[in-house]
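Notes for the one structure printed next.
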């Protein structure tokens, strides 16, 4: 991002970088940067808070008044992971006893997912599977927990690592996107990730499958990326 | 950098020791007054249209995607498991403030919103030579052709 600012400015465009990395902006001598002490992934600070986002933009525009650069200005408000609130989303009761509880949960949440999708008209699912395939994908992880070998539960063997990683990415997107629809109040940093792994049957199942793989000698490249570092 | 997940101390420690490309001089353009300026967004969040393949994993994808002004059906191509996607899932503007700059144009605070905006992958090799010498300058030419004055750069 800071490199692009140099390239664009050299070509004749005025640039403003929004960055939580003050040290990087200063060391790379970026033309104009607004240092925002927000967690990664939140350039404008608070999702769903127009007023806050406009305040960040207004501060950034004040950099255009500076006569020379490089110049880094600090946005006064900070957001930390620690101060975030947990989200509370109602989870469905058992609907179809023939399915694993996690697959049953995912199927029962499909209506919430489609509501979220139709409201925002976008999804980041699609690295490996579709939203409709989430329950079926969870059944594969259930088989791993039940003792079947991870290479034999239905993931393509020629791209096992990428396929499992992409599948978990899509399952997590499914849950995190619908959580934004079900949750009351603002979405704090990491709140949807914590809800997924700590509260849902799907998240718990993936953590359990990851543990089983690790304990049974699966290569780290297969199990490590199935959950956030530190889990 | 997202490998550190929510560990903010580790992120800052890594950032302070991260090797960076050197720029001997900092070019610094005197911009038009804001209320006359056309603004484009460029993000390194690897956003892409729903019907496009997007970006490869790893640090060898130097290309950029064009995001038309009206597009909101965007996918977040930053796939790291250690990245918090909740903010983007809730509100595209927290990464890509397209609705906010539309509001600023409606209120005559900025001159205009560009017809096209751009997205790169944030994960680049430490030399950054490709985006510095190839795709970056090409993207700049596209914006200049469209008479963009100011570029807002956001990342993940």
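Protein chains in written order, with the numbering used here: chain E, 1 to 231; chain V, 1001 to 1156. Note that the Cβ used here is the ideal one computed from N, Cα and C, for glycine as well. Keep in mind the model is a prediction, meaning the values are calculated, not measured.
{"Check": "Just the Cα atoms here: how many angstroms apart are residue 217 of chain E and residue 146 of chain E?", "Outcome": "16 Å"}
{"Check": "Report the neighbours of residue 142 of chain E on chain V: residues whose CB is nearer than 8 Å to its CB, in chain order.", "Outcome": "Those within 8 Å of residue 142 of chain E in chain V number zero; the least Cβ separation is about 20 Å."}
{"Check": "Is residue 1034 of chain V close to chain E? Criterion is C-beta to C-beta, closer than 7 Å.", "Outcome": "yes"}
{"Check": "Helix, strand or coil for residue 175 of chain E, going by three-state DSSP, please let me know.", "Outcome": "helix"}
{"Check": "So, using beta-carbon positions, are residue 1048 of chain V and residue 1075 of chain V closer together than 7 Å?", "Outcome": "yes"}
{"Check": "Could you tell me which of E:49, E:4, E:179 sits nearest to residue 1044 of chain V, measuring between CA atoms?", "Outcome": "E:4"}
{"Check": "Buried or exposed, going by whether 16 or more other CB atoms sit within 10 Å of the CB of residue 974 of chain V?", "Outcome": "Because residue 974 of chain V is not part of the residues shown, which for chain V are 1001 to 1156, the question remains open."}
{"Check": "Inspect the CB distances between the region 207–217 of chain E and the region 141–159 of chain E and report whether three or more fall short of 8 Å.", "Outcome": "yes"}
{"Check": "What ranges does the alpha helix (DSSP H) occupy inside the region 1046–1096 of chain V, keeping only unbroken runs of at least 4 residues that lie completely in it?", "Outcome": "1086–1090"}
{"Check": "Closest by CA to residue 1051 of chain V, which one among E:133, E:173, E:123?", "Outcome": "E:123"}
{"Check": "Reducing DSSP to helix, strand and coil, say where residue 125 of chain E ends up.", "Outcome": "coil"}
{"Check": "Whole-angstrom Cβ separation of residue 33 of chain E and residue 72 of chain E, contact assumed at under 8 Å?", "Outcome": "5 Å"}
{"Check": "With the cut-off set at 7 Å, would you say residue 1031 of chain V and residue 1150 of chain V are in Cβ contact?", "Outcome": "yes"}
{"Check": "Cβ of residue 179 of chain E within 7 Å of Cβ of residue 195 of chain E?", "Outcome": "yes"}
{"Check": "Can you tell me whether residue 100 of chain E is helix, strand or coil according to DSSP?", "Outcome": "coil"}
{"Check": "At the 7 Å Cβ level, is residue 180 of chain E part of the contact set with chain V, yes or no?", "Outcome": "yes"}
{"Check": "In chain E, which residues lie less than 9 Å from residue 1052 of chain V when you measure between Cβ atoms?", "Outcome": "Residues of chain E passing the Cβ test: none, with the nearest at roughly 11 Å."}
{"Check": "Buried or exposed: where does residue 95 of chain E fall if 16 or more other Cβ atoms within 10 Å of its Cβ makes it buried?", "Outcome": "exposed"}
{"Check": "What residues are listed by DSSP as bridge partners for residue 1043 of chain V?", "Outcome": "V:1119, V:1154"}
{"Check": "Whose C-alpha, out of E:197, E:226, E:187, E:231, is nearest the C-alpha of residue 1090 of chain V?", "Outcome": "E:187"}
{"Check": "Quick one: grab the DSSP three-state call for residue 153 of chain E.", "Outcome": "coil"}
{"Check": "Please state if the CB of residue 112 of chain E and the CB of residue 181 of chain E are separated by a distance shorter than 7 Å.", "Outcome": "yes"}
{"Check": "Please classify residue 1093 of chain V: is it buried, with 16 or more other beta-carbons within 10 angstroms of its beta-carbon, or exposed?", "Outcome": "buried"}
{"Check": "Hey, could you find the ends of the beta strand (DSSP E) residue 1029 of chain V is sitting in?", "Outcome": "Per DSSP, residue 1029 of chain V belongs to no beta strand (DSSP E) and is neither H nor E."}
{"Check": "Less than 7 Å between the C-beta atoms of residue 16 of chain E and residue 62 of chain E, yes or no?", "Outcome": "no"}
{"Check": "Do we get a CB-CB distance below 7 Å when we pair residue 1041 of chain V with the residues of chain E?", "Outcome": "no"}
{"Check": "Do the CB positions of residue 9 of chain E and residue 1027 of chain V come within less than 7 Å of each other?", "Outcome": "yes"}
{"Check": "Fully enclosed by the region 62–97 of chain E, which beta strand (DSSP E) runs are 3 residues long or longer?", "Outcome": "71–74"}
{"Check": "With a CB to CB cut of under 6 Å and the five nearest residues on each side skipped, what residues in its chain are close to residue 1015 of chain V?", "Outcome": "none"}
{"Check": "Does the pairing of the region 1007–1023 of chain V with the region 199–207 of chain E give three or more beta-carbon distances under 8 Å?", "Outcome": "no"}
{"Check": "If you check the beta carbons only, do residue 1069 of chain V and residue 1113 of chain V fall under 7 Å apart?", "Outcome": "yes"}
{"Check": "If you reduce the DSSP assignment to three classes, tell me which class residue 52 of chain E lands in.", "Outcome": "helix"}
{"Check": "Can you look up residue 114 of chain E in the DSSP assignment and give me helix, strand or coil?", "Outcome": "helix"}
{"Check": "Exposed or buried, residue 39 of chain E, counting other C-beta atoms within 10 Å across all chains shown (16 or more means buried)?", "Outcome": "buried"}
{"Check": "Alpha carbon to alpha carbon, how far is residue 149 of chain E from residue 167 of chain E?", "Outcome": "17 Å"}
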